[in-house]
Amino acid sequence: AAGADLYLAFDILVATQPPSLAKADPSRTVAVVSTSRVPTGQMVANNRLAFPELSALIGKIEAVSRREHNVYLDAQLVAEALFNDHMAANIVLLGAAYQAGTIPISAEAIEQAIRLNGVAVEMNLLAFRWGRLAVADPRRVDIEGMRATRRPERPAPTLNPAARELIDSVGADGELRRLLEVRVPDLIDYQDLAYARRYVEFVRHVREVEAARTPGRTAISEAVARYLYKLMAYKDEYEVARLHLDPAVRADLEARFGPGARVYWHLHPPLLRALGLKGKLKLGPWFTPVFRLLRAMRRVRGTPFDIFGYTRVRQVERRLIDEYRALVTRALARLDESTYGLVLAVAALPDEVRGYEGIKLAGVERFRQRAAELVAKLEARG
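If you count the sequence shown from 1, position 66 lands on 374 in my numbering, and the numbers rise without skipping.
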């Protein structure tokens, strides 16, 4: 029979579209489906568009698959309940698919791939294992209990007068203001007020150019607010220390594992890796004072006294901030309605840069190659 052996559906709306369903065969295909209700952009913009009945969507999938072997799991709910992060949902579903016997490689190989990817490794390993458990022993993954006790998202930070003044200076509202209200206070805590001001001044400049040349549009400003922050808040040793000392992180751990839970950190700093250390260091509560010292030292970041800043990765991370600003400035000079999509693509270039070490450096190369392509297209427009 033709068709796929596994129909792995991360988005049930996309999975029930005819071109997707055409890949399945009722005599061969096992479907592993996330039943999470993820609205389309049209549904968000128009509240009169309702999400289709889940039973109807499942019926479409079962008509073209081996229904008695299918797995249905609200992967986003599991991810948000366990990790307060919907980004783990796809790995939860991958774990479910593996446990259902539909992925013919070992769990060890999948977990090693997660480690090599270098992105949210601990969370993704746990997500994969919880997905497996949801199939192996569903009673231990209490979906209804998770739905009833879903933790609220962390509230937006309280703005101090300095942060509020910076944000107000942009004159933004809607989504752009929301982005700034989260990122500006974080950059102040990450480094200092001057660092956050540098971020805000560039976002304000982008907003002014966008408003003048393409009135009514804000997507470029919003992209720059997201991605300039991403580049400026790179996770060096000082930032890792700050994040591990965040009281909200400790409160979240205690909510999940109970008061007094012992926390261990598994770290592999680039500086020690460069000196030949191959494995991660397991550090217990005794390391907390060192984290406090590192957090206090964050203001030496980028100065000659920054002992961690001499590694290749840290140097590239710092250079990339100025590269991105220069690229956006160059693209804005050619902004009009006909080039809007190209300029927006330039603004979103840092999405290519993910992970740590070698993976991140490879992402930087993709960033630069794509940047050259986009700039050439913009300049060809005359």
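Built from N, CA and C at the ideal position, the CB exists for glycine as well.
- Comparing alpha-carbon positions, the option among Ser335, Asp333, Leu362 lying closest to proline 347 turns out to be Leu362.
- Boundaries of the alpha helix (DSSP H) around valine 443: 429 to 444.
- In this structure, valine 517 sits away from valine 532, with a CB-CB distance that is not shorter than 7 Å.
- For leucine 652 against alanine 527, the beta-carbon gap comes to about 6 Å, under 8 Å, which counts as contact.
- Annotation for serine 529: the continuous alpha helix (DSSP H) segment containing it runs 527 to 540.
- Per DSSP, reduced to three states, the secondary structure at serine 344 is coil, with no helix or strand assignment.
- Nearest to alanine 680 by C-alpha distance, out of Gly311, Ile399, Glu631, Leu551, is Glu631.
- Membership of alanine 317 in the beta strand (DSSP E) is indicated by the continuous run 314 to 317.
- Distance between tyrosine 380 and alanine 421, taken at the CA atoms: about 25 Å.
- DSSP places alanine 520 within a helical segment (H, G or I) once states are collapsed to three.
- If you look at leucine 381, you'll find it in the beta strand (DSSP E) that goes 379 to 381.
- Every unbroken stretch of the alpha helix (DSSP H) spanning 4 or more residues and falling wholly within the segment 465 to 493 is given here in chain order: 469 to 478.
- Within the same chain, Tyr632, Ala655, Ala656, Leu657, Pro658, Asp659 come within 8 Å of tyrosine 535 by CB-CB distance, once the 5 residues on both sides are set aside.
- For alanine 639, the secondary structure class from DSSP, reduced to helix, strand or coil, is helix.
- One Cα belongs to proline 567, the other to proline 555, and the distance between them is close to 13 Å.
- The beta-bridge partner set that DSSP reports for valine 338 consists of Leu314.
- In this chain, isoleucine 411 is not harboured by any alpha helix (DSSP H), its DSSP state being neither H nor E.
- Going by DSSP, valine 651 is part of the alpha helix (DSSP H) stretching over 648 to 655.
- For aspartate 476, the closest alpha carbon among the candidates Asp450, Asp494, Ile496, Glu509 is that of Glu509.
- About 18 Å separates the beta carbon of alanine 397 from that of isoleucine 369, a gap too long to meet the 8 Å contact definition.
- Only buried fits isoleucine 399, as 16 or more other CB atoms lie within 10 angstroms of its CB.
- Per DSSP, the continuous alpha helix (DSSP H) segment holding proline 327 begins and ends at 326 to 329.
- In the structure shown, arginine 603 falls within a helical segment according to DSSP collapsed to helix, strand and coil.
- Contact holds between the segment 597 to 605 and the segment 543 to 550, because three or more Cβ pairs, one in each stretch, are under 8 Å apart.
- In this structure, alanine 428 keeps its C-beta atom at 7 Å or more from the C-beta atom of alanine 404.
- At a Cβ-Cβ threshold of 7 Å, alanine 541 and leucine 501 do not count as neighbours.
- In this structure leucine 467 is in contact with glutamate 489, their Cβ atoms being roughly 6 Å apart against a cut-off of 8 Å.
- Pairing glycine 649 with arginine 626 gives a Cβ-Cβ distance that is not under 7 Å.
- Secondary structure of valine 372 (DSSP, three-state): coil.
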